[in-house]
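Enquirer: One gets the working numbering by counting positions in the sequence shown from 1 and adding 41 to each.
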Amino acid sequence: MLTTPETGTGDLVIVSEATCREIITEALAFDAVRDVFAAMARGDAWNFPVVREALGHADALYGFKSGFDRAGMALGVKSGGYWPHNIDRGLTNHQSTVFLFDPDTGRLRALVGGNHLTALRTAAASAVSIDTLARPEARVLGMVGAGHQSNFQLRAAARVRSFDKVVAWNPHPEMLPRLGKVAEELGLAFEAVTPEALGAEADVIITITSAFAPLLRSEWIRPGTHLACMGTDTKGKQEVDAALVARATVFTDEVAQSVTLGEAQHAVAAGLKGEHEITPIGAVLTGAHPGRRSADEVTLFDGTGVGLQDLAVAEVAVRAALAADKATRAAL
Ligand code: NAD
């Protein structure tokens with residue numbers, strides 16, 4: 042049996058959803074995602090083509106996202122998708138699992154629950170963008186969206202800037218009180234506002250909805266705002282108008298995804314933004330791009346979600362679970 046440094050036995054390591062919830066902190070996810078974005082920009086890490094297919098069963102969408110990070114020695118795949126009828130069975134509609142392999146041998150090393158991890162890695166990406174691109178003196182956070190991901194987004198953002206107030210809007214206003222509770226827990230004032238008022242007041246805006254038509258218009262957004270557009274991860278989705286993407290300096294996790302299935306897809310298709318004008322955020326992290334150049338510049342992070350984020354946070358989960366003696370081991 043092969044031996045790995047973490048287990049000392051070569052056993053398969055299993056980290057459950059419950060253990061992930063217990064051990065992966067926002068800080069661990071932030072560092073892992075920041076490091077892998079930098080590795081991508083240095084050419085040390087690659088995402089492989091994404092597969093996403095309608096199953097023709099249970100109305101499900103199934104797929105996988107995979108990649109290899111040579112710097113972090115993370116090789117693997119997140120497999121799963123969307124099962125819309127799970128809610129009737131008391132299960133989350135989004136279901137995923139991460140498989141990590143030994144890059145030296147191809148041996149399966151670990152299975153990690155991917156549901157909680159997905160929310161944490163998505164929020165970490167948005168927080169990395171705020172940390173890197175928002176004005177340091179940002180005080181008001183605007184939240185557009187109030188679903189499952191929004192709570193994680195708010196918590197992660199609150200770690201990287203000294204916000205004192207959250208202004209929020211959601212197409213379904215009845216969902217907002219849950220987000221308000223998170224703001225309260227974080228000691229932040231919370232106000233439900235119109236999208237126009239949100240644009241007028243916010244220094245940083247996170248959009249995290251399933252919208253297929255723009256919710257924010259360019260003329261509502263103040264100079265100097267940083268936007269993290271996190272909801273658009275599929276062709277056809279859209280959260281802000283193309284004029285705002287055209288006006289902003291745009292950064293992303295993966296340019297190829299940004300222009301095809303990310304928030305920038307519409308501005309690019311309309312000829313308002315060129316692919317060459319979109320910068321991987323990793324280039325800012327490595328110092329190859331200066332990032333924000335002035336206090337008046339509108340910056341926009343198009344967070345499309347890449348497999349390497351999942352692998353990076355899954356690696357953290359394995360290490361933390363083993364250190365806390367909370368991983369299950371099984372012989373393969
Ligand atoms: P959710 O179902 O819990 O919440 C959906 C949110 O979108 C709510 O705010 C809801 O009011 C709003 N919404 C629903 N239908 C809408 C419509 N037709 N028009 C406008 N708004 C609408 O979903 P969630 O888990 O919070 O995910 C939110 C979005 O984030 C989804 O689009 C999801 O695909 C995306 N997502 C992106 C990444 C990434 O890496 N970029 C990762 C995970 C999820």
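By construction, the Cβ of each residue, glycine as well, lies at the ideal position given by its N, Cα and C atoms.
This structure is a prediction, so every number in the text was calculated from the model and none was measured.
Evaluate the contact criterion for the segment 324 to 337 versus the segment 108 to 117: three or more CB pairs, one atom per stretch, below 8 Å.
Expert: Result no; under three Cβ-Cβ pairs closer than 8 Å.
Enquirer: Quick one: is the Cβ of Pro125 within less than 7 Å of any heavy atom of the ligand NAD?
Expert: Flag unset: Cβ of Pro125 not near the ligand NAD.
Enquirer: Near Ala254, what residues of its chain come up, given a Cβ to Cβ distance below 7 Å and the 5 sequence neighbours on each side ignored?
Expert: Counting only Cβ-Cβ distances below 7 Å, and skipping sequence neighbours, we find Gln279.
Enquirer: State the beta-bridge partners of Arg93 as determined by DSSP.
Expert: Paired residue(s): Gly104.
Enquirer: Could you name the residues of the same chain whose beta carbon sits closer than 8 Å to that of Val300, not counting the 5 residues immediately before and after it, in chain order?
Expert: Closer than 8 Å at the Cβ level, and outside the excluded window around Val300, lie Gln306, Val309, Glu316 and Ile319.
Enquirer: Using 8 Å as the cut-off, can you tell me whether the segment 262 to 275 makes contact with the segment 238 to 253, which would need three or more C-beta pairs spanning the two stretches below that distance?
Expert: As far as the Cβ criterion goes, the segment 262 to 275 touches the segment 238 to 253, which means the pair count is three or higher.
Enquirer: Going by DSSP, which residues form a beta bridge with Ala209?
Expert: Ala209 is bridged to Met184 and Ala233.
Enquirer: Does the pairing of the segment 55 to 69 with the segment 156 to 163 give three or more beta-carbon distances under 8 Å?
Expert: Touching, yes, given that three or more Cβ pairs across the two stretches are closer than 8 Å.
Enquirer: Chain C beta carbons: is any one of them nearer than 8 Å to that of Arg148?
Expert: Absent here is chain C; the protein component of the structure consists of one chain.
Enquirer: So who's on the other strand from Val139, going by DSSP bridges?
Expert: DSSP output for Val139 lists Lys119 and Val153 as bridge partner(s).
Enquirer: Could you give the DSSP three-state label for Pro46: helix, strand or coil?
Expert: In this predicted model, Pro46 has a pLDDT of only 49, less than 50, meaning its place in the structure is not dependable; the value taken from the coordinates is given anyway. Note: Pro46 maps to coil in three-state DSSP.
Enquirer: Excluding sequence positions up to five away, which residues of its chain have a Cβ less than 6 Å from the Cβ of Ala151?
Expert: Excluding positions up to five away in sequence, the list reads Val54, Leu141 and Val359.
Enquirer: At the level of alpha carbons, what is the spacing between Leu174 and Glu304?
Expert: So the alpha carbons of these two residues sit roughly 17 Å apart.
Enquirer: Please indicate yes or no: does the CB of His213 lie closer than 7 Å to some heavy atom of the ligand NAD?
Expert: At least one heavy atom of the ligand NAD is nearer than 7 Å to the Cβ of His213, so yes.
Enquirer: Measuring straight from C-alpha to C-alpha, what distance separates Asp143 and Ala372?
Expert: Taking the straight line from one Cα to the other gives about 15 Å.
Enquirer: So does Gln190 have its beta carbon nearer than 7 Å to some heavy atom of the ligand NAD?
Expert: It does: the Cβ of Gln190 is within 7 Å (strictly closer) of some heavy atom of the ligand NAD.
Enquirer: What do you reckon, is the C-beta of Lys278 under 7 Å from a heavy atom of the ligand NAD?
Expert: Yes, Cβ of Lys278 sits closer than 7 Å to a heavy atom of the ligand NAD.
Enquirer: Look at the alpha carbon of Ala199 and the alpha carbon of Leu352, and state the distance between them as a whole number of angstroms.
Expert: Each residue's Cα considered, the two are about 24 Å apart.
Enquirer: If you measure between the beta carbons of Pro224 and Val207, is that distance less than 8 Å?
Expert: The sequence given here places Ala at residue 224; Pro does not occur at that position. Going by C-beta atoms, Ala224 is nearer than 8 Å to Val207.
Enquirer: Below 8 Å, can you find three or more Cβ-Cβ pairs linking the segment 92 to 99 to the segment 337 to 355?
Expert: Not touching, per the Cβ criterion.
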